[in-house]
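In my numbering, the protein residues as written are 3 to 288. All C-beta atoms in this analysis are idealised placements derived from N, C-alpha and C, irrespective of residue type, glycine included.
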């Protein structure tokens, strides 16, 4: 089979072709790395500057006299300890409910094969095409009608059902050999026992990915916690920082943002292998 490309394989394998290839590759990697890393660098260095230095024009890339004082001030002014504890509590509950609902739904669609299962899955995936802002008002009205304002259940219920997570889990469950399920059924295992003893133990990669997605979403969500958690003692980290931002200096805001970013950065570096493994798991059947 002959592939037609802009640059032919002969030109690419020449000495100048290889040099240009590596030059373009390195340039693309550097540009994209700077695009993603520079905002984080600017936030960290901004917290190390004085308010006057942040307001300077043109701005400086390196702090003239770096200090960590803004981080300690932000911790006390924003009460970040309480905000992080609230956010971790909401994220844990969202994770538990998401695992309970999404795993069982994906297992039913993949292995139990209910009537109109493909229609149900299609309806779930169709919800991904609806912008979140469109359903925000009816979701908020539902939460108000149920009396869940300033209640953790107001954040846990919306996080429980996620069409994207169900799709990922179903794709992985589809790749589990049918022979394992049938062997467990011959031994007398029911549907729940098969799920607990057979499906879940071999699904750790995708369960890890879905868990990370759920926790990160709970940490970075802003609009729904802003509407639901109006009590200052129950706010999440993103809402709490925004509510107090107008009363503090810019370097203190930067310091609070850096502290708020640390938990998710740690989660990424610790579980990055699991993220990549889970995203590719179940993509190839054999």
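According to DSSP, is residue i part of a helix, a strand, or is it coil?
i	result
residue 58	coil
residue 31	helix
residue 87	helix
residue 178	coil
residue 147	helix
residue 136	coil
residue 68	coil
residue 191	coil
residue 153	coil
residue 224	coil
residue 16	coil
residue 115	coil
residue 164	coil
Alpha carbon to alpha carbon, how far is residue j from residue i? Give it in angstroms, no decimals.
i	j	result
residue 24	residue 34	15 angstroms
residue 22	residue 267	35 angstroms
residue 61	residue 51	11 angstroms
residue 88	residue 134	23 angstroms
residue 99	residue 146	20 angstroms
residue 136	residue 128	14 angstroms
residue 90	residue 219	12 angstroms
residue 265	residue 32	26 angstroms
residue 189	residue 261	52 angstroms
residue 119	residue 254	52 angstroms
residue 80	residue 249	10 angstroms
residue 288	residue 178	In this prediction, residue 288 has a pLDDT of 41, which is less than 50 and means its spatial position is unreliable; nothing more can be read from the coordinates.
residue 140	residue 152	17 angstroms
residue 226	residue 160	9 angstroms
residue 272	residue 28	26 angstroms
residue 26	residue 17	14 angstroms
Under 7 angstroms between the Cβ atoms of residue i and residue j?
i	j	result
residue 333	residue 96	In the structure displayed, the chain extends from 3 to 288; residue 333 sits before or after that span and is not available.
residue 166	residue 130	yes
residue 125	residue 168	no
residue 112	residue 175	yes
residue 142	residue 229	yes
residue 65	residue 47	yes
residue 221	residue 57	no
residue 162	residue 204	no
residue 292	residue 251	Within the shown structure, residues of the chain are numbered from 3 to 288, placing residue 292 beyond reach of any answer.
Among the candidates the options, whose CA atom is the shortest distance from the CA of residue i?
i	options	result
residue 224	209, 115, 210, 244	244
residue 256	31, 45, 26, 29	45
residue 69	20, 55, 82, 32	55
residue 110	27, 139, 192	192
residue 274	212, 248, 227	212
residue 208	49, 42, 27, 101	101
residue 149	231, 121, 206	231
residue 348	28, 27, 114	Only positions 3 to 288 of the chain appear in this structure, which leaves residue 348 out of reach.
residue 132	152, 164, 29	164
residue 242	67, 144, 86, 171	86
residue 171	187, 17, 123	123
residue 71	49, 63, 59	49
Does the region 231–247 come into contact with the region 192–208, if we say contact requires no fewer than three beta-carbon pairs (one atom in each stretch) closer than 8 angstroms? Touching, no, given that fewer than three Cβ pairs across the two stretches are closer than 8 angstroms.
Is the number of C-beta pairs between the region 68–79 and the region 182–189 that are closer than 8 angstroms three or more? Remark: fewer than three beta-carbon pairs, one from each stretch, lie closer than 8 angstroms, so the region 68–79 and the region 182–189 are not flagged as touching.
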